[in-house]
Amino acid sequence: MGDRATLFPVKHVIALDVGGTGMKAALVRADGTLLHEDRRATGRERGPEAVVAGILDFADELRVLGERRFGEPALAAGVGVPGVIDEARGVAVFAANLGWRDVPLRALLSARLAGVPVALGHDVRTGGLAEGRIGAGQGTDRFLYLALGTGIAGAIGVGGRIDPGAHGSAGEIGHVVVRPGGPPCGCGQSGCLERLASASAVGQSWATACGDPSADAAACARAVEAGDPRARAVWAEAVAALADGLVTGITLLDPRMLIIGGGLAEAGDTLFTPLRAAVSERITFQHLPDIVPAALGDTAGCLGAGLLAWDLLSTEVSA
1215 MGDRATLFPV
1225 KHVIALDVGG
1235 TGMKAALVRA
1245 DGTLLHEDRR
1255 ATGRERGPEA
1265 VVAGILDFAD
1275 ELRVLGERRF
1285 GEPALAAGVG
1295 VPGVIDEARG
1305 VAVFAANLGW
1315 RDVPLRALLS
1325 ARLAGVPVAL
1335 GHDVRTGGLA
1345 EGRIGAGQGT
1355 DRFLYLALGT
1365 GIAGAIGVGG
1375 RIDPGAHGSA
1385 GEIGHVVVRP
1395 GGPPCGCGQS
1405 GCLERLASAS
1415 AVGQSWATAC
1425 GDPSADAAAC
1435 ARAVEAGDPR
1445 ARAVWAEAVA
1455 ALADGLVTGI
1465 TLLDPRMLII
1475 GGGLAEAGDT
1485 LFTPLRAAVS
1495 ERITFQHLPD
1505 IVPAALGDTA
1515 GCLGAGLLAW
1525 DLLSTEVSA
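Going by this note's numbering, the sequence shown opens with residue 1215, and the numbers climb by one from there.
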């Protein structure tokens, strides 16, 4: 598709998915179609002010591109960012990996985008929204979504929406303590789930076990598949910790489905076969939910941010 405007205007929103190292952006139709995608570095090494400036610049570039290519301005924008989010005020309260505190991101973006309404959400919860509504959980009334990446975070889906909790931190299952007295976590506790079963934790354990400092979780999964006993021990420990954390989530939330995404989920059956067995072994009175891989890959965050924007528009219309 070229840069010329289409014959008929195309209604769309701007969507941004901001991570610790990279940003993904898209122009999204109401049905979830990605009209345009782009990526660039977050630039956190330049400091939090530069990160915010980069987000605003990226969004504005998409605004201009959308007007030129699709014949009308974006109707709204949605952005998902990591850390603690006050969705009601539109403030990015804190993100350790981006170094910012109390950034009024919604107001800054709306001003930069000529006053269009902006929805702000948590990056994992926006991904969970997309997976629940148009991805692996489509049609499921109650689910728990987990992203197993550098850390572990979750999203609680109920009736097609994500519950942020009373204070914007619902779903932080990565900080459930599954091994009391275990490895210290950046949150101040020890033995948190993400310190044992995230992709980064598995990578660190495998690097120690195999003596290769550059080894990561994907390398561990390949070694498991090749029958390496050291890799199988590392993997089994991570799966056991993950199963313990999931049973806690199942007990509290009674989800119909567990949707698992992130880098570790890319191991496929190497992860899901033993994980389903481990969770099943631990269940007593609880109902065992379906445990399925996420379906949208790394586009989930952008799609979810787009859905936030469209939801914001529908809310304003009905208000």
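We treat Cβ as the ideally placed atom computed from N, Cα and C, and that holds for glycine. None of the values given here were measured: they were computed from a predicted structure.
Burial state of residue i (16 or more Cβ within 10 Å)
i	result
F1357	buried
V1227	buried
H1381	exposed
L1466	exposed
E1259	exposed
F1272	buried
G1216	Note on G1216: pLDDT 44, under 50, position unreliable in the model; the coordinate value appears next. With fewer than 16 Cβ atoms within 10 Å of its Cβ, G1216 is classed as exposed.
G1463	buried
V1461	buried
A1302	exposed
V1245	First, the residue type needs correcting, since residue 1245 is Asp and not Val in the sequence shown. Answer is exposed; the Cβ neighbour count stays below 16.
V1266	buried
E1468	For the sequence presented, residue 1468 should be read as Asp rather than Glu. Flag for D1468 reads exposed.
V1242	buried
Q1346	This sequence places Gly at residue 1346; Gln is not what is there. With 16 or more other Cβ atoms within 10 Å, it is buried.
Same chain, Cβ closer than 7 Å to residue i, neighbours up to 5 away in sequence not counted
i	result
E1439	T1484
A1454	A1492
S1383	V1298
A1361	V1338, G1341, A1367, G1475, G1476
Q1403	H1389, V1391
Contact under 8 Å by Cβ, residue i with residue j
i	j	result
V1317	A1288	no
V1392	G1342	no
F1369	I1376	Note on identity: in this sequence residue 1369 is Ala, with Phe being the wrong assignment. Result yes, Cβ atoms of A1369 and I1376 sit closer than 8 Å.
G1285	P1378	no
G1388	L1407	yes
G1335	P1296	no
L1319	V1305	yes
L1313	P1262	First, the residue type needs correcting, since residue 1313 is Gly and not Leu in the sequence shown. The answer is yes: Cβ separation under 8 Å.
Cut-off 6 Å between Cβ atoms - residues of its own chain near residue i, not counting five sequence neighbours on either side
i	result
A1495	Looking at the sequence provided, one finds Glu at residue 1495 rather than Ala. So the list is empty, once near-sequence residues are dropped.
S1324	V1332
E1480	none
T1573	The chain is shown from 1215 up to 1533; residue 1573 falls before or after that span and cannot be answered.
Beta-carbon contacts of residue i that lie in its chain and below 8 Å, excluding the five residues immediately before and after
i	result
A1421	P1427, S1428, A1429, D1430
A1290	V1227, I1228, V1330, P1331, V1332, A1333, A1523, W1524, L1526, L1527
G1236	R1253, R1254, A1255, T1256
A1219	Because A1219 sits at a pLDDT of 49, beneath the cut-off of 50, its placement in the model cannot be relied upon, and the point is left open.
L1322	V1266, L1270
D1274	R1326, L1327
Nearest-angstrom Cβ-Cβ length linking residue i and residue j, presumed shorter than 8 Å
i	j	result
G1175	A1333	Nothing about residue 1175 can be reported from this structure: the residues present for the chain run from 1215 to 1533 only.
A1344	A1514	5 Å
I1348	L1502	No, I1348 and L1502 are not in contact; Cβ-Cβ is about 25 Å, not under 8 Å.
A1413	G1482	Wrong, their Cβ atoms sit about 14 Å apart, outside the cutoff.
C1434	G1417	7 Å
A1437	A1411	At roughly 17 Å, the Cβ-Cβ gap does not stay under 8 Å, so A1437 and A1411 are not in contact.
G1351	G1365	The pair is not a contact, with the Cβ atoms about 21 Å apart (cut-off 8 Å).
Distance cut-off 7 Å: residue i Cβ against heavy atoms of the ligand ADP
i	result
R1339	This structure lacks the ligand ADP, and indeed carries no ligand of any kind.
- Message: With a threshold of 8 Å, are at least 3 pairs of Cβ atoms found where one atom belongs to the stretch 1472 to 1488 and the other to the stretch 1507 to 1520?
- Response: yes
- Mind the definition here: the stretch 1441 to 1450 touches the stretch 1389 to 1409 only if three or more C-beta pairs lie below 8 Å; say whether that holds. no
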